[in-house]
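Trainee: This is the structure, below, for whatever I ask next.
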Amino acid sequence: MQLTNRKKVVVKKEMSLVEQLYLPAIANGMTITFRHLFKKPATVRYPEVKREISGTYRGQHVLKRDENGAERCTACGLCAVACPAEAITMDAAERRKGDEHLYREEKYAAVYEINMLRCIFCGLCEEACPKEAIFLTDRIVPVSGNRKDMVYGKDKLVEDVNHPIDLSERQTPEVVEFKKDKTKYHNQTWKDRGNLLNENKHH
Amino acid sequence: MAIFILYKTILVLLVFLISLGVAAYSTYAERKVAAFMQDRIGPDRAGPFGILQPMADGLKMFMKEEIIPTVSNKFLFILGPSLAMLTALMTGVVVPWGGNINIGDYSFPLQIADINIGILYVFGVVSFGVYGIMIGGWASNNKYSMLGALRASSQMISYEIAMGLALVALIMKTGSLSLGEIVRQQDGTMWNVVYQPLGFLIFLICAFAETNRAPFDLPECETELVGGYHTEYSSMKLGFYLFAEYINIFISSAIISSLYFGGYNIPFQNHLPIDGNVLSILQFAFFFGKIIFFIFFFMWVRWTIPRFRYDQLMNLGWKILIPLAIFNILATGVLMYALGKV
Ligand code: SF4
Ligand code: SF4
Numbered sequence: 680m681q682l683t684n685r686k687k688v689v690v691k692k693e694m695s696l697v698e699q700l701y702l703p704a705i706a707n708g709m710t711i712t713f714r715h716l717f718k719k720p721a722t723v724r725y726p727e728v729k730r731e732i733s734g735t736y737r738g739q740h741v742l743k744r745d746e747n748g749a750e751r752c753t754a755c756g757l758c759a760v761a762c763p764a765e766a767i768t769m770d771a772a773e774r775r776k777g778d779e780h781l782y783r784e785e786k787y788a789a790v791y792e793i794n795m796l797r798c799i800f801c802g803l804c805e806e807a808c809p810k811e812a813i814f815l816t817d818r819i820v821p822v823s824g825n826r827k828d829m830v831y832g833k834d835k836l837v838e839d840v841n842h843p844i845d846l847s848e849r850q851t852p853e854v855v856e857f858k859k860d861k862t863k864y865h866n867q868t869w870k871d872r873g874n875l876l877n878e879n880k881h882h
Numbered sequence: 198m199a200i201f202i203l204y205k206t207i208l209v210l211l212v213f214l215i216s217l218g219v220a221a222y223s224t225y226a227e228r229k230v231a232a233f234m235q236d237r238i239g240p241d242r243a244g245p246f247g248i249l250q251p252m253a254d255g256l257k258m259f260m261k262e263e264i265i266p267t268v269s270n271k272f273l274f275i276l277g278p279s280l281a282m283l284t285a286l287m288t289g290v291v292v293p294w295g296g297n298i299n300i301g302d303y304s305f306p307l308q309i310a311d312i313n314i315g316i317l318y319v320f321g322v323v324s325f326g327v328y329g330i331m332i333g334g335w336a337s338n339n340k341y342s343m344l345g346a347l348r349a350s351s352q353m354i355s356y357e358i359a360m361g362l363a364l365v366a367l368i369m370k371t372g373s374l375s376l377g378e379i380v381r382q383q384d385g386t387m388w389n390v391v392y393q394p395l396g397f398l399i400f401l402i403c404a405f406a407e408t409n410r411a412p413f414d415l416p417e418c419e420t421e422l423v424g425g426y427h428t429e430y431s432s433m434k435l436g437f438y439l440f441a442e443y444i445n446i447f448i449s450s451a452i453i454s455s456l457y458f459g460g461y462n463i464p465f466q467n468h469l470p471i472d473g474n475v476l477s478i479l480q481f482a483f484f485f486g487k488i489i490f491f492i493f494f495f496m497w498v499r500w501t502i503p504r505f506r507y508d509q510l511m512n513l514g515w516k517i518l519i520p521l522a523i524f525n526i527l528a529t530g531v532l533m534y535a536l537g538k539v
């Protein structure tokens, strides 16, 4: 398989006298390095300058709220199961009466933690979530000199009610369109599956 | 006489400070050059463009914990880096930095000591430098340091032979061992490199090996020797070793420019509408330009060519450079005879 168009067939011939001097080859190498002096650096001054990243970049996670501001996560644990790095842990709790505006389902995550040091930003949690609750955003996880700070709890993960995080870039129109296709098993919610089951029974 | 001593003292101090300053900023320049060659930015945190980086590095070196292995020979362990620094700094005295400065009735040469065996002095001091490395490696009481030191000394000795032989041809041409005299002879555009291109090439390669610079930085090969002769060194003692290397680069650049590139001579300087002190200062600046170019050249080569294998290094030294240098001597002799210069 050809990966680049720069392949060079190795010839095992005797080197000519000029080649044995190595000086032309050295001069050649030195012109190459010299030309790089005038090239634009590939690096950026990071904290001051931020590199433009793709909209589908997978950075720090967010736990989304729904249209009414209630947390979407139902503490089902699917993301934790899907996570290959075992970075996610959670404690589920039952929603109390009067908390309906806070949590969408009867069960919610009382504690939800992602260990950013373990996370490999694969995005499998996002794919596993049946509630569209967890997403990876374009934010870069800031570094820390302390391991404890790298375990992100709900305080850092759940989005602010007043400042929802825009994921439209991440959810390209194609993806949104694809998710509507309920014939794909992946896109079915439990409710859909129940309906489909019922439909099948009627037949 | 009193004025003479005062002047020489001031000059010695100046050369000392300039050597240290140039060496300090070489470390910064090295990182910048490396960065640019690799399409990076390089140090830019300390001060504008990172120009305070050498201070920060120096401070860091001094503040670091200093470890002297209990099994080492403490006296020699400390002597090693001191010797390396000492020998590196000593060669600067015979380099002619410029013409004369005339103030009143006095004429002050911009050279500390124009001894008539200048080149021999340089060689003597430089070969002394191997003691710094050897003692450091031995005193560490560590096999890898010892190996690094051994490699360093055998490398330096074998390349010194080729270097000396390359110089013999040059001395045949100039007829003098005094650096001041050699530089004075190169007035105009016909620098020695024109007459001795092969000798220059050999000298240059040997200079790389003598200063332990890549591609000949085998005394400190991490893959085989952990760190090399300075594995056990920490804090500013390691700093001195590394710093001595940069001083050596500076002095080597000065010597290469003096021997082969006309030293402080400016082409067509006799046709310039200036003379006297202004010309001397201009010459000094011009000389520095040449030195800076060679320092850059050292770095340029380092970031281009990969390190040799040790047997390749020895082969190059003994089987190629020494015969070539001898051939160069013969060719110079034959040519001089043919041109009726003897
Ligand atoms: S992105 Fe991958 S590794 Fe990180 S928490 Fe999600 S599933 Fe785990
Ligand atoms: S984030 Fe999604 S997958 Fe994870 S527990 Fe909450 S609802 Fe389940």
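Protein chains in written order, with my numbering: chain S, 680 to 882; chain D, 198 to 539.
Don't be surprised by glycine CBs; every beta carbon is placed ideally from N, CA and C.
(1) Examine chain D for any beta-carbon lying closer than 8 Å to the beta-carbon of residue 709 of chain S, and answer yes or no.
(2) May I ask which residues mark the beginning and end of the beta strand (DSSP E) holding residue 529 of chain D?
(3) DSSP state of residue 791 of chain S, grouped into three classes?
(4) Could you list which residues in chain S have their beta carbon closer than 9 Å to that of residue 233 of chain D, in chain order?
(5) Report the neighbours of residue 730 of chain S on chain D: residues whose CB is nearer than 8 Å to its CB, in chain order.
(6) Do the stretch 774 to 789 of chain S and the stretch 742 to 754 of chain S meet, that is, are 3 or more Cβ pairs less than 8 Å apart?
(7) Could you pull out every residue in the same chain whose Cβ sits closer than 7 Å to the Cβ of residue 339 of chain D, ignoring the five residues on either side in sequence?
(8) Check whether the Cβ atoms of residue 521 of chain D and residue 399 of chain D lie closer than 8 Å to each other.
(9) Taking 8 Å as the cut-off, decide whether the C-beta atoms of residue 820 of chain S and residue 734 of chain S are in contact.
(10) Quick one: grab the DSSP three-state call for residue 421 of chain D.
(11) Buried or exposed for residue 529 of chain D, please, with buried defined as at least 16 other CB atoms from any protein chain shown within 10 angstroms of its CB.
(12) Is it buried or exposed, residue 707 of chain S, if we count other Cβ atoms within 10 angstroms and call 16 or more buried?
(13) Run through the stretch 281 to 351 of chain D for me and flag every whole alpha helix (DSSP H) of 4 or more residues, listed as ranges in chain order.
(14) At 7 Å on the CB atoms, spell out the chain S contacts of residue 501 of chain D, in chain order.
(15) Nearest by alpha-carbon distance to residue 319 of chain D: which of D/431, D/409, D/364 and D/490 is it?
(16) Closer than 9 Å, Cβ to Cβ, to anything on chain D: give me those residues from the stretch 777 to 807 of chain S, in chain order.
(17) How about residue 813 of chain S: is its C-beta nearer than 8 Å to some C-beta of chain D?
(18) From this set, S/834, S/847, S/839 and S/794, which residue's C-alpha is nearest residue 826 of chain S's C-alpha?
(19) Is the stretch 321 to 336 of chain D touching the stretch 344 to 352 of chain D in the sense that three or more CB pairs, one from each, lie closer than 8 Å?
(20) When DSSP labels each residue in this structure, what does residue 769 of chain S get in the three-state scheme?
(21) For ligand 1, any of its heavy atoms closer than 7 Å to the Cβ of residue 752 of chain S?
(22) Using Cβ-Cβ distances below 8 Å, what residues of the stretch 235 to 249 of chain D are close to chain S?
(23) Run through chain D and tell me which residues come within less than 9 Å of residue 705 of chain S, C-beta to C-beta.
(24) Give a single yes or no on whether residue 789 of chain S has its beta carbon closer than 7 Å to a heavy atom of ligand 2.
(25) Let me know the alpha helix (DSSP H) ranges lying completely inside the stretch 688 to 730 of chain S, each 4 residues or longer, listed in chain order.
(26) Which class does residue 837 of chain S belong to by DSSP, given the choice of helix, strand or coil?
(27) Who are the neighbours of residue 724 of chain S on chain D, taking C-beta pairs under 8 Å?
(28) Per DSSP, which residues does residue 742 of chain S bridge with? Please list them.
(29) With a threshold of 8 Å, are at least 3 pairs of Cβ atoms found where one atom belongs to the stretch 690 to 706 of chain S and the other to the stretch 480 to 496 of chain D?
(30) Give me the Cα-Cα distance between residue 216 of chain D and residue 720 of chain S, rounded to the nearest whole angstrom.
(31) Is residue 307 of chain D close to chain A, meaning its C-beta is less than 8 Å from at least one C-beta of that chain?
(32) Considering only the beta carbon of each residue, do residue 236 of chain D and residue 718 of chain S sit closer than 8 Å?
(33) Have a look at the DSSP bridge pairing and note the partners of residue 831 of chain S.
Mentor: Quick look at the numbers:
(1) yes
(2) Note, residue 529 of chain D: premise wrong, no beta strand (DSSP E); alpha helix (DSSP H) at 519 to 535.
(3) strand
(4) 715, 716, 717, 718 and 720
(5) Within chain D, no residue comes near residue 730 of chain S; the closest Cβ sits about 13 Å away, beyond 8 Å.
(6) yes
(7) 428 and 429
(8) yes
(9) no
(10) helix
(11) buried
(12) exposed
(13) 315 to 336
(14) 708, 709 and 712
(15) D/364
(16) none
(17) no
(18) S/794
(19) yes
(20) strand
(21) no
(22) 235, 236, 237, 238 and 241
(23) 498, 501 and 502
(24) no
(25) 696 to 700 and 702 to 715
(26) strand
(27) 238 and 241
(28) S/813 and S/837
(29) no
(30) 31 Å
(31) Protein chains S and D are contained in the structure displayed, whereas chain A is not.
(32) yes
(33) S/793
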